[in-house]
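The structure appears right after this line, and notes come after that.
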Amino acid sequence: MAKIVIEIKDKSRGFEVGCRVIPDDGDSEIVSKVADKVGKGLAGHVLAKVNEAVQKVKRQFKESNNVH
Numbered sequence: 001m002a003k004i005v006i007e008i009k010d011k012s013r014g015f016e017v018g019c020r021v022i023p024d025d026g027d028s029e030i031v032s033k034v035a036d037k038v039g040k041g042l043a044g045h046v047l048a049k050v051n052e053a054v055q056k057v058k059r060q061f062k063e064s065n066n067v068h
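Just so we're aligned: the sequence shown equals residues 1 to 68 in UniProt numbering.
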């Protein structure tokens, strides 16, 4: 069973999202190829979700700082 690891790293202008595939020794070639394709496809979706979460947190932070 191949594992897909999602990595989120801080960058100077945002975040870097990557997906890494860790194959098992007993995996067939087709399982490895499918896991690789799924991992590459997930990176874009995860980046979009991370950006949505950051925007939501920024909005909440701005609202809580406007105390007069």
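Glycine is no exception: its CB is placed at the ideal position from the N, C-alpha and C atoms.
Small disclaimer: the values here were computed from a predicted structure and weren't measured.
| Going by other Cβ atoms of all chains shown within 10 Å of its Cβ, with 16 needed for buried, is V57 buried or exposed? | Walking along the sequence shown from the start, residue 57 turns up at place 57. Burial call: exposed.
| If you compare alpha carbons, which of N51, F61 and D25 is closest to R13? | Here the question's residue 13 lines up with position 13 in the sequence shown. Selected option, being the one with the closest Cα: N51.
| R20 bridges to which residues according to DSSP? | By one-based count along the sequence shown, residue 20 stands at place 20. DSSP lists V5 as partners of R20.
| What is the rounded straight-line gap between the Cα of S28 and the Cα of F61? | Numbered from its first residue, the sequence shown carries residue 28 at position 28. Numbered from its first residue, the sequence shown carries residue 61 at position 61. Going from the Cα of S28 to the Cα of F61 covers about 48 Å.
| Residue(s) in a DSSP beta bridge with D10 | The residue given as residue 10 occupies position 10 in the sequence shown. Answer is F15.
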